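A.B. asks: Supplied in structure tokens, the structure appears directly below.
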Amino acid sequence: MDQGIRQEQGWTIDDDKCLRCGACVGVCPPLALDLTERGGIHFIEEKCTHCTLCEKVCPIGCIKVEPPKAKQHAH
Amino acid sequence: MVLGSEYDVVVVGAGPGGSATARKCAELGLKTALLEKRQEIGIPVRCGEGLSIYAVQALGMVDKLPRQVYAQEIDGAIVYSPNGKKVVIDFGETVGYILERKMYDAWLAQQAARKGAYVQAKTEITQLVKEQKNGETYITGVKGNFESDDFEIKCNAVVGADGVEGRITRMAGLRSTLMLKTTDSGYQYEMVDIEMEDPRKLIIYFGSKISPRGYVWIFPKGDDRANVGIGIGSMGYEKTAKQYLDAWIATQPGIRKGSIVNTVCGGIPVGGFLKNMVLNGFAAVGDAAHQVNPIHGGGIGEAQRAGYILGHVLAEAKQKNDFSAKALATYNERWWTERGNMLRNVEKVREVMEKIADEDMDMLADSLDGETIMELCHGKRLSVLAKVLMKKPSLLKLATALV
Ligand SMILES: Cc1cc2nc3c(=O)[nH]c(=O)nc-3n(C[C@H](O)[C@H](O)[C@H](O)COP(=O)(O)OP(=O)(O)OC[C@H]3O[C@@H](n4cnc5c(N)ncnc54)[C@H](O)[C@@H]3O)c2cc1C
Ligand code: SF4
Ligand code: SF4
Chain A
67 MDQGIRQEQG WTIDDDKCLR CGACVGVCPP LALDLTERGG IHFIEEKCTH CTLCEKVCPI
127 GCIKVEPPKA KQHAH
Chain B
44 MVLGSEYDVV VVGAGPGGSA TARKCAELGL KTALLEKRQE IGIPVRCGEG LSIYAVQALG
104 MVDKLPRQVY AQEIDGAIVY SPNGKKVVID FGETVGYILE RKMYDAWLAQ QAARKGAYVQ
164 AKTEITQLVK EQKNGETYIT GVKGNFESDD FEIKCNAVVG ADGVEGRITR MAGLRSTLML
224 KTTDSGYQYE MVDIEMEDPR KLIIYFGSKI SPRGYVWIFP KGDDRANVGI GIGSMGYEKT
284 AKQYLDAWIA TQPGIRKGSI VNTVCGGIPV GGFLKNMVLN GFAAVGDAAH QVNPIHGGGI
344 GEAQRAGYIL GHVLAEAKQK NDFSAKALAT YNERWWTERG NMLRNVEKVR EVMEKIADED
404 MDMLADSLDG ETIMELCHGK RLSVLAKVLM KKPSLLKLAT ALV
């Protein structure tokens, strides 16, 4: 079941469920998301502010945004 | 069959907005490239596929639609209010089409090509080239890749027709990021072997329980085939759009029995129109500029109409050799006059609809006839709506906001 889950720093997507519609890309203020023909939704960690807008707009609920804990540890 | 390195206009995205713009530009003599990142134009479909006859007429496409680009002719609608009251709107003649968007989009792009635009799929624009001219920043080209080869093109103007993603439009510098409060979250199944009341009518179900801040739709594509979809607000409800739709279908034996042949989802801009859609050497069209009817979510016809307006403005810019934001601002003016002011009125109706409770919606269904409902969807007769709302003291404020 969990095969399609792709976990990034504080941002997770279920690639199996995602229909690559680009709604999340359109609401993301810092352009941290991109819809690629090959790999689906591309996430650019440095740009993400963890605002959760992408999670809210997704019609399927494939995205989960968490506070950037790991990021803080890394610094 | 080779992408050149210099054009008058480079259009990014071959949806209805991009294809219409490219077609008009090419017709008016501009050297035009229409570039689309998808492997095949028109696929995947992210749409309910409804197109009204008014749009078809305004676009000069009457009697020109090839049979394969639409599935069904529509002669009206059946609307259910939250308490189940049924309003039938019957025109007795064809007033719209349910398209086969993959065929329709391909046909529009082919038309642009036949008028002289160079069209290329599997071509992604990744960057804009910006230059200083007379102390101002101009967009003077694009960078991208075709298959795996990188390229750069110089041009007088770039058109952002890049849909809801709108990355290129935002990279250019327009403040067009979709806001949650004016974006619907949509989900749809194309289903076959289902039962419908009348396969020539759109069927719409309102109610905050089945679809908060939106509605469920059935757009017939034949006697037993239809797009069954939902659009809800994206401000964070209990469930996702898909979950709301699944829950509704579970209550409908005639739909539940069918098969799913396509799954579709997407974001729908439902307001937040841009006062300014141009920059030096740049203009945005279609979903990228939020040009969608905020009530019925129709953006196909809007994108094409805006594309034609923009094509004319770009041709005038070429004649004067002036692609500055100031010159291109004619597009803002014409679009707002021809479409924007009307759409802004529709947005006001929507703002009322999303604030009222289910029982007020039922009251509207009792008080308004089908014709008035249609007119409201086109930004007309807002005073009639205001009058009905005024009957209830708690709705007075909303009513006055309308007029
Ligand atoms: C669920 C749902 C139901 C809908 N129902 C209806 C309906 O019934 N009727 C109606 O009229 N409208 C409907 N709409 C809205 C309609 O689909 C859009 O308004 C319409 O497609 C807008 O056309 P467009 O040309 O602006 O954008 P699109 O059709 O989205 O085209 C944009 C194109 O740009 C391409 N692109 C993006 N970035 C790049 C890049 N960097 N390089 C190259 N190419 C790029 C994309 O791949 C895409 O092909 C619906 C939308 C949704 C989501
Ligand atoms: S909004 Fe959801 S379904 Fe659409 S591309 Fe983003 S993650 Fe995928
Ligand atoms: S959380 Fe916000 S910034 Fe991060 S990807 Fe989602 S929309 Fe973009």
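From first to last, the protein sequence lines are chains A and B.
At position 7 of the first sequence the residue is numbered 73 (my numbering), and the sequence of numbers has no breaks.
At position 99 of the second sequence the residue is numbered 142 (my numbering), and the sequence of numbers has no breaks.
Even glycine gets a Cβ: it sits at the ideal position worked out from N, Cα and C.
Quick caveat, the model's predicted, so the values are computed rather than measured.
Which runs of the beta strand (DSSP E) at least 3 residues long sit entirely within the segment 288-313 of chain B? Give them in chain order.
C.D. replies: Entirely contained in the segment 288-313 of chain B, the beta strand (DSSP E) runs reaching 3 residues are, in chain order, 302-312.
A.B. asks: Which residues, taken in chain order from the segment 112-124 of chain A, show a beta carbon closer than 8 Å to some beta carbon of chain B?
C.D. replies: Here the close residues are Leu-119, Lys-122, Val-123, Cys-124.
A.B. asks: So is Gly-178 of chain B buried or exposed if we call it buried at 16+ other beta carbons inside 10 Å?
C.D. replies: Taking the second sequence and counting its residues from 1, one reaches residue 178 of chain B at position 135. Flag for Gly-178 of chain B reads exposed.
A.B. asks: So, are the CB atoms of Glu-233 of chain B and Thr-180 of chain B less than 9 Å apart?
C.D. replies: Walking along the second sequence from the start, residue 233 of chain B turns up at place 190. Walking along the second sequence from the start, residue 180 of chain B turns up at place 137. Not a contact, by the Cβ cut-off of 9 Å.
A.B. asks: Would DSSP call Tyr-123 of chain B helix, strand or coil?
C.D. replies: Taking the first residue of the second sequence as 1, we reach residue 123 of chain B at position 80. The answer is strand: DSSP assigns Tyr-123 of chain B an E or B state.
A.B. asks: Using a beta-carbon distance below 9 Å, is Lys-165 of chain B in contact with chain A?
C.D. replies: Position 122 of the second sequence holds residue 165 of chain B. Chain A contact via Cβ: present.
A.B. asks: Drop a sphere of 10 angstroms on the beta-carbon of Lys-39 of chain B, count the other beta-carbons inside from all chains shown, and report buried for 16 or more, exposed for fewer.
C.D. replies: The structure shown does not extend to residue 39 of chain B, since chain B is modelled only from 44 through 446, so no value can be given for it.
A.B. asks: Examine chain A for any beta-carbon lying closer than 9 Å to the beta-carbon of Tyr-351 of chain B, and answer yes or no.
C.D. replies: Translated into positions along the second sequence, residue 351 of chain B becomes position 308. Answer no: the Cβ-Cβ gap between Tyr-351 of chain B and chain A never drops below 9 Å.
A.B. asks: Which class does Ile-96 of chain B belong to by DSSP, given the choice of helix, strand or coil?
C.D. replies: For the purposes of this step, residue 96 of chain B is taken as residue 53 along the second sequence, with counting starting at 1. It is helical.
A.B. asks: Quick one, are the C-beta atoms of Arg-382 of chain B and Glu-418 of chain B less than 9 Å apart?
C.D. replies: Translated into positions along the second sequence, residue 382 of chain B becomes position 339. Translated into positions along the second sequence, residue 418 of chain B becomes position 375. Contact: no.
A.B. asks: Rounded to the nearest angstrom, how far is the Cβ of Val-91 of chain A from that of Asp-100 of chain A, given a contact under 8 Å?
C.D. replies: Within the first sequence, residue 91 of chain A is the residue found at index 25, counting from 1. Within the first sequence, residue 100 of chain A is the residue found at index 34, counting from 1. Contact flag correct, Cβ pair sits at about 6 Å.
A.B. asks: Quick one: does the C-beta of Val-389 of chain B sit closer than 8 Å to a heavy atom of ligand 2?
C.D. replies: Sequence index remark: in the second sequence, residue 389 of chain B carries index 346 (1-based). False, no ligand heavy atom lies under 8 Å from that Cβ.
A.B. asks: In terms of alpha-carbon separation, which member of B:Gly-58, B:Ile-96, B:Gly-314, B:Asp-401 lies closest to Phe-134 of chain B?
C.D. replies: As a first step, residue 134 of chain B must be located in the second sequence, where it is residue number 91. Nearest option by C-alpha distance: B:Ile-96.
A.B. asks: Report yes if the C-beta distance between Gly-93 of chain B and Leu-245 of chain B is below 9 Å; otherwise report no.
C.D. replies: To locate residue 93 of chain B, count along the second sequence from 1; it is residue 50. To locate residue 245 of chain B, count along the second sequence from 1; it is residue 202. Contact flag set, yes.
A.B. asks: In chain B, which residues lie less than 8 Å from Glu-103 of chain A when you measure between Cβ atoms?
C.D. replies: Sequence index remark: in the first sequence, residue 103 of chain A carries index 37 (1-based). Result: Lys-80, Arg-81, Gln-82, Lys-165, Glu-167.
A.B. asks: Considering Cα atoms alone, identify which of B:Cys-68, B:Glu-359, B:Ser-302, B:Asn-384 is closest to Pro-337 of chain B.
C.D. replies: Translated into the one-based positions of the second sequence, residue 337 of chain B becomes position 294. Here the closest residue by C-alpha is B:Asn-384.
A.B. asks: Please report the distance separating the alpha-carbon of Ala-89 of chain A from that of Gly-315 of chain B.
C.D. replies: Stepping through the first sequence from its first residue, residue 89 of chain A is reached at position 23. Stepping through the second sequence from its first residue, residue 315 of chain B is reached at position 272. Rounded to whole angstroms, Ala-89 of chain A to Gly-315 of chain B spans 16 Å at the Cα level.
A.B. asks: Which first and last residues belong to the alpha helix (DSSP H) in which Met-433 of chain B is found?
C.D. replies: In the second sequence, counting from the first residue as 1, residue 433 of chain B sits at position 390. Note, Met-433 of chain B: alpha helix (DSSP H), 425-433.
A.B. asks: Just list the residues that DSSP pairs Asp-100 of chain A with in beta bridges.
C.D. replies: On the first sequence, residue 100 of chain A is found 34 positions in, with the first residue counted as 1. According to DSSP, which records beta bridges pairwise, Asp-100 of chain A is partnered with A:His-108.
A.B. asks: Below 8 Å CB to CB, which residues in the same chain sit around Trp-291 of chain B once its five sequence neighbours on both sides are set aside?
C.D. replies: For this step, residue 291 of chain B is matched to residue 248 along the second sequence. Tyr-248, Ile-253, Ser-254, Val-259, Ile-273, listed in sequence order.
A.B. asks: Contact defined as beta carbons within less than 8 Å: I believe Val-389 of chain B pairs with Leu-445 of chain B. What is the distance between those atoms, to the nearest angstrom?
C.D. replies: On the second sequence, residue 389 of chain B is found 346 positions in, with the first residue counted as 1. On the second sequence, residue 445 of chain B is found 402 positions in, with the first residue counted as 1. So it is not a contact: roughly 12 Å between Cβ atoms.
A.B. asks: Under 8 Å Cβ-Cβ, which residues of chain B neighbour Ile-144 of chain A?
C.D. replies: For chain A, the structure presents residues 67 to 141; residue 144 of chain A sits outside this window and is missing.
A.B. asks: Alpha helix (DSSP H) containing Tyr-374 of chain B: first to last residue?
C.D. replies: Against the second sequence, residue 374 of chain B aligns to sequence position 331. Where Tyr-374 of chain B is concerned, the enclosing alpha helix (DSSP H) stretches over 368-378.
A.B. asks: Under the criterion of a Cβ to heavy atom distance below 8 Å, does Lys-80 of chain B qualify as lining ligand 1?
C.D. replies: Translated into positions along the second sequence, residue 80 of chain B becomes position 37. Lys-80 of chain B: yes, Cβ under 8 Å from ligand 1.
A.B. asks: Would you check whether ligand 1 has a heavy atom nearer than 8 Å to the C-beta of Leu-102 of chain B?
C.D. replies: Your numbering for residue 102 of chain B matches position 59 in the second sequence. No, Cβ of Leu-102 of chain B sits at least 8 Å from all heavy atoms of ligand 1.
A.B. asks: Taking the straight line between their C-alpha atoms, what separation do you get for Ile-182 of chain B and Leu-171 of chain B?
C.D. replies: As a position in the second sequence, residue 182 of chain B is number 139, starting the count at 1. As a position in the second sequence, residue 171 of chain B is number 128, starting the count at 1. If you take the alpha carbons of Ile-182 of chain B and Leu-171 of chain B, they lie about 7 Å apart.
A.B. asks: At which residues does the alpha helix (DSSP H) containing Leu-119 of chain A begin and terminate?
C.D. replies: Here the question's residue 119 of chain A lines up with position 53 in the first sequence. That run of the alpha helix (DSSP H) goes 119-123.
A.B. asks: Spell out the partners DSSP gives Leu-322 of chain B in its beta bridges.
C.D. replies: In the second sequence, the residue the question calls residue 322 of chain B occupies position 279. DSSP, once it has assigned bridges, lists B:Phe-325 as partnering Leu-322 of chain B.
A.B. asks: What are the partner residues of Pro-263 of chain B, as DSSP defines its beta bridges?
C.D. replies: By one-based count along the second sequence, residue 263 of chain B stands at place 220. Its beta-bridge partners are B:Ala-269.
A.B. asks: Name the chain A residues whose beta carbon is nearer than 7 Å to that of Ala-89 of chain B?
C.D. replies: Residue numbering aside, residue 89 of chain B sits at position 46 when the second sequence is read from its first letter. The question names Ala, yet the displayed sequence has Arg at residue 89 of chain B. What Arg-89 of chain B touches in chain A: Cys-87.
A.B. asks: Kindly indicate if chain A contains any beta-carbon less than 9 Å away from that of Gly-257 of chain B.
C.D. replies: For the purposes of this step, residue 257 of chain B is taken as residue 214 along the second sequence, with counting starting at 1. It does not: the Cβ of Gly-257 of chain B has no partner Cβ on chain A nearer than 9 Å.
A.B. asks: On the three-pair Cβ rule with 8 Å, is the segment 45-56 of chain B touching the segment 295-303 of chain B?
C.D. replies: Segments in contact, no.
A.B. asks: With DSSP run on the structure shown, which of helix, strand or coil describes Ser-62 of chain B?
C.D. replies: Translated into the one-based positions of the second sequence, residue 62 of chain B becomes position 19. The answer is helix: DSSP assigns Ser-62 of chain B an H, G or I state.
A.B. asks: Considering only residues of the segment 336-414 of chain B, which uninterrupted alpha helix (DSSP H) runs meet the minimum length of 4 residues and lie entirely inside it, listed in chain order?
C.D. replies: Listed in chain order, they are 343-363, 368-378, 384-398, 401-410.
A.B. asks: Closer than 7 Å by beta-carbon distance: list the chain B residues that pair up with Val-91 of chain A, in chain order.
C.D. replies: As a working mapping, residue 91 of chain A is identified with position 25 in the first sequence. Correct list: Glu-208, Arg-210.
A.B. asks: When you compare the CB of Gly-279 of chain B with every CB in chain A, is at least one pair closer than 9 Å?
C.D. replies: Residue mapping note: residue 279 of chain B aligns to position 236 of the second sequence, counting from 1. Closer than 9 Å: yes.
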